[in-house]
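Before any comments, here is the structure.
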Amino acid sequence: MRKVSLCAFLLLTNCIAFLDLNELKKSSSSLNYSLLALLSNSSTFGNSTTAIVGSSGGSVRSSDGSFVLEIPPGALTESKQITITKDAAPSGNVSDGFGKKTNVLKFEPEGLVFLKPAILTLFYQQGEMKEGGFEEKSTAFYYINNDSTLEKTKTISIDLSQNKLVSEVKHFSFGMGLNIQVWLVNNGIISNPVPVLNIANNVILELNDFAIHGFANPAEYFRSEVATLGPFLIKLVSILGYDPISVAFPNEDFDGDGVPNSEDPYVLSTGSQILVISSGASVVSANNGAINSTQFIWKSSKSGNYTIRKGGNNCTSGTIVSSGTVSSEVHNTFGPVVAATDLSLGSNTFRICVVSSSITSAIVQTFTRDDSIPTVSINPEGGNYGTPQNVSLTCSDTGGAGCSAIAYTTNGTTPSFSSSCSITNGNLFTTPILTQDSNVTLINYRSCDHAGNVSQIYSNTYSVDSVLPSVTINSVLPGTVISGNINPQVNWQSNKDGNYKIVIGADCNASVLATGTNVSGIATNGIAVNSVVNSGTQLLDGNRKINICVANLIGNIGTSSATILVDSMNPTLTVTPAGGVYSTPQTVTAICSDSLSGCQKIAYTTDGTDPAFDVSGSIVNGSLYIGTLTTPNHYRFIARDFAGNLSDIFKVNYSLPDSTPPTVSIQNLRNLGTVQSGFLVGNATDDTSVSLVEVSIDSGVYVAATGTNSWKFKLPFGLNTWRDSSLHTISVRSKDIAGNFSTISTISVRKGINKDFNGDGYSDVIVSAYSSNNQQGRVYIFHNSGSAGITENSLSSANTIIAGSVNNELLGYTVGTGDFNGDGYADAMIGAIGANLSKGKVYIFHSQGTSGIPSTNTIFADSVLSGEDSSDPIGTALASGDFNGDGYSDAILGAYNKSKAYIFLSSGNSGVSSRLTATADTKLTGVQTQGVSAYFGISISTADMNGDGFADAIIGASGYNSFQGQVYVFHSSGLSGIPSGTANSANATLTGEGNGNIFGRMVLVGDFNGDGKMDILANSIGANSYQGKAYVFHGTTNGIVSVGAASANSLILGEGGFFGYSGSVGDFNGDGYSDALIGANEFNSRQGKIYIFHGSASGITATSVSSANLTILGETVGSNFGEPTGVGDFNCDGFMDLIVGSWFYNSYQGRAYIFYSNGSEGIKINSANAASVIFTGNLANDRFGIVSQ
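Here the sequence shown stands for residues -19 to -1, 1 to 1170, where the numbers follow mature numbering (1 follows the signal peptide of the UniProt record, and there is no 0).
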């Protein structure tokens, strides 16, 4: 069912029915759709115009063009049907004094509120209004409220020529265009005070809209319409007794004489004259520290009743804040007026109304509350500037009080104000602040408004510097041309303080920041800086520009630079003609080439030394090449470029045809000497240059040695090692660069035991102290230094120290050497009879090559041979020899307590494997006499006694047959070595002369008569009532023949002191015959004495000690000098030297002595304290002095 809404109009007689939109949407008739379409497009039915407008906005336009309502996007949240009806009848009435200039408009839906104001454009009627006059200008659109009050909308514009008014519409109600009809008052038509006052109040509202009409203030608007408004003010005073319009604008000047209305009203009131005598602050604030209250003093010229009203437009509106009676000319104080409680933000009016004789007079006093904080802007902003700046400060205040003052400081303190805006610290800003050059200026500033509000503190920093630093380079070291490995040093200074950096590249903007020392930091005016730039990738070859960059206060750079030529390439040399042999003198030309810094100079020598420069380029060895050299000569050249780089030494030899042969010599062996090293060493010389040294073994092919002037040759080793005691010839020759060969030097030698641990060709020394460190024992090895011999005699300076690892082990009770792994280097074999619970052990330590045996302890031995009988420890005697002829030394160990000896064969490159005596390769047992040990194995020597190339064993048994004693020779059977057996299976037996002779306590082997067959020297320390005897048995082609001692080829009678208890064999005088050293360690209460007997073609010819070639007496009684002894060429002169132990010395502290041979005279030193080298043990009871035989 349709719903119909009827609208009644007072001014219109027709009525229009509206279809309910919702009902319309439900209808499906084509008519209804047509009507809906019309309504949606601002359709007009009679006096009503309707449109549907949504959130995107739209317009409602009358068909006659009398109005347009434009609704912007966002004003509505949903679609609405908008209806505007002309000539509608509002519930309220229009007050007297207004002229109706448009139709009454009704906006529906009533009460609608826009989120954004709509714009209403109306065309009004000119009527009786003066064209462009005040009444036309006052035309505005008003809401007509139900209570007959009017609400003026905001006028956006008024076009007087087209009678077009544009206003804002914020909500829907009734409204129309009205103008103020001042003429009704001016012409006396309206004289009732109430409507007159209403008209006056509307004039006040209109004057406040001065800006719409293009005026600067209300007074300017008033004066433009003074023809209308002047008479109006006169009528107001005559009707009301005062002028409410002038009171509303107390600070305006209506009459234009420069005096405000409050002091000079346009029309004097007929009532009381009210005057404000004085006033406090016109602007105040609720903020702490500001002006928080004010007051004013006023008087009236007539007595009467008064009210003071806050707000309102006249003396009947606003809030009464004070009232009472006033006496004529009496001062009255109103206040205090407190900002926080009595005033609203913004302008607050207090109207003083005095009624005297029924005439009301009024005056307005205005106060402004401003709680807003003023701000300050600055121009220019702080920053870095190249010129001094004029800095301006501008204050802004939006709260109405207006800015009072700006205070600033430049000394770092905080500017401050009193509550009245007086500056308590800082300066008043009046003119721009000039910043200082070459300085940093900090401006702190703040403002204060007239209400006493103080802004925050602002700070801006101005770094001003118009002057660039000037950089002076004092020096560049070592110069501007340097080698690639040099760090250049640049000494410089700046005339200004500032941050600096060192940059490598085209300028200070280059990306390569230098690395080094003092390459960045802070420069101080006038203070030199030494900057060191690291060489490397930042200073590649070529010209490199080093920029010293110093920034002033604002970062602008002052710079200076040094260009350095970097040259890491060494110069090269070419010398012509090529070295060689020339039949005529040649002119030598040396040419230097260098692509970067260029060649500086060439130096040369002719004495075989290298030419050299110092760091400055001065020649420190050699002469300056100037191009005038001739041959023959041996030249060495070197070139230097300007960067200090040096060429390689260029060696070139020029000679005339050379017919002088070189020379060659063997240093560590003499003819008929014994080889105790795996290496041959020697020297070669030539008047030009030796180019080659060659060695031939046993007339074989010549093989090149290592080196020339000093040369070295490795003798056959491994499987090719010479057989023990074998005889060989060694031939050596040298060749010079001219091809001349030396005379061949040939010697005959015999293979001995290797005693050269580090392979330098020289015998080394091994000495032990078997009771050292709780009888753990220590062994010391001293390397031979060459011709200077043994140069270290301090035990702590030994090249190798081998320590026992168990107390009472007695490491070093016996010591020996041999090449057990066949590498050509001597290995150490060391007995420890206390090890393994006194079963005894023998340790073997292999050489590591040229460094010898490293310091270690028994835990790290390469091989360990262990006894199995605590009553018969192994290692009481030991020796090495190649029993199976495989080229590797084998070990033979004695255990004389139960008359046994054990042979352990080497396994080859790995040496002797660790084993127990039960698994020995050979076991030899002596003859027991009535169950008593024969002391078989108390002494052992090895040699090839029968010349078959295999080592044989010589074993003494001094306890045989009640110490008659015997010596046994066991021949090797060949590749299987010596077979196991007993003394009875010996190949030869030598027997002492009688019971108690103790024959065989010592057995030695040597070729005493030089016939190439090995001889035996054995002793009888108990013979001839312990005077002692020594027997020499000459060898034969088949070896030693079994005989009694009495049948010996030579016999030497001793003089007591256990003559023959120890001894050694060596060729001390180099005549090719073995010499014998025999010790008597108990001579003269153990002072000890040794005797040397030289061999000859007849062997040893001496028959008693009185015929000895040399005797050497021990140092002190009780030192036991002469036990044990050993030989070796310790000073590398080719003659055997002597080493003697004295392990009783100084309470068993012990000593060892080396006596160097005097050459062909043999050993000449005859007292121990005159020995060539003396070693002393560390502590008493160490028993230092056990040496290898």
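C-beta atoms are modelled at their ideal positions from N, C-alpha and C, and glycine is treated no differently.
The beta carbon of residue 819 sits closer than 6 angstroms to those of 851, 854, all from its chain and outside the five residues before and after it, given in chain order.
Contact between the stretch 345 to 365 and the stretch 430 to 450 is established, with three or more Cβ pairs separated by less than 8 angstroms. In the DSSP assignment, residue 646 is bridged to 664. The three-state reading of DSSP puts residue 118 in helix, counting H, G and I together. Closest in alpha carbon position to residue 994, among 59, 551, 330, 705, is 705.
Two segments are said to touch when three or more pairs of C-beta atoms, one from each, lie closer than 8 angstroms; by this definition the stretch 294 to 307 does not touch the stretch 190 to 205. Residue state for residue 206 is assigned as coil, using DSSP reduced to three classes. Residue 470 has 458, 513 as its beta-bridge partners, per DSSP. Just measuring C-alpha positions, the residue of 238, 647, 1157 sitting nearest residue 1126 is 1157.
The secondary-structure analysis by DSSP pairs residue 735 with nothing; it has no beta-bridge partner.
Under the criterion of beta carbons closer than 8 angstroms, residue 953 and residue 931 qualify as touching, at roughly 3 angstroms.
DSSP, reduced to helix, strand and coil, places residue 211 within a helical segment of the structure shown. Three or more Cβ pairs closer than 8 angstroms define a contact, and the stretch 1112 to 1119 meets that threshold against the stretch 648 to 665. Beta-bridge analysis with DSSP links residue 947 to 938, 972. Relative to the Cα of residue 1143, the nearest Cα in the group 127, 1121, 1054, 1079 belongs to 1054. Cβ contact annotation for residue 446 (same chain, cutoff 6 angstroms, sequence separation greater than five): 419, 533, 534, 535, in chain order.
With the rule of 3 Cβ pairs closer than 8 angstroms, the stretch 277 to 297 does not count as touching the stretch 363 to 382. By the criterion of at least three beta-carbon pairs nearer than 8 angstroms, the stretch 791 to 800 is not in contact with the stretch 763 to 777. Here residue 605 is bridged, per DSSP, to 584.
Using a 10 angstroms sphere on the CB of residue 700, the tally of other CB atoms stays under 16, which defines it as exposed. Cα atoms of residue 284 and residue 276: separation of roughly 22 angstroms, rounded to the nearest angstrom. With contacts defined by Cβ atoms closer than 7 angstroms, residue 968 and residue 950 form a contacting pair.
Per DSSP, reduced to three states, the secondary structure at residue 717 is strand. Here the stretch 493 to 500 lies against the stretch 517 to 529, with 3 or more beta-carbon pairs under 8 angstroms apart. Residue 584 and residue 602 have their alpha carbons spaced roughly 8 angstroms apart. The alpha-carbon of residue 1111 is positioned some 21 angstroms away from that of residue 836. Residue 1136 carries a strand assignment under DSSP once its states are collapsed to helix, strand and coil. Residue 216 carries a helical assignment under DSSP once its states are collapsed to helix, strand and coil.
Beta-bridge partners assigned by DSSP to residue 390: 425.
By the Cβ neighbour-count rule, residue 360 is exposed, with fewer than 16 other Cβ atoms within 10 Å of its own. DSSP places residue 185 inside the alpha helix (DSSP H), whose first and last residues are 174 to 189. Annotation for residue 1067: the continuous alpha helix (DSSP H) segment containing it runs 1064 to 1067. Secondary structure note for residue 1078: it is in no beta strand (DSSP E), with a DSSP letter that is neither H nor E.
The straight-line gap separating the alpha-carbon atoms of residue 684 and residue 727 is approximately 15 angstroms.
Your pair residue 150 and residue 136 does not check out as a contact, with CB atoms roughly 12 angstroms apart and the cut at 8 angstroms. 1037 is the residue among 1165, 1037, 614, 1028 whose C-alpha sits nearest the C-alpha of residue 1005.
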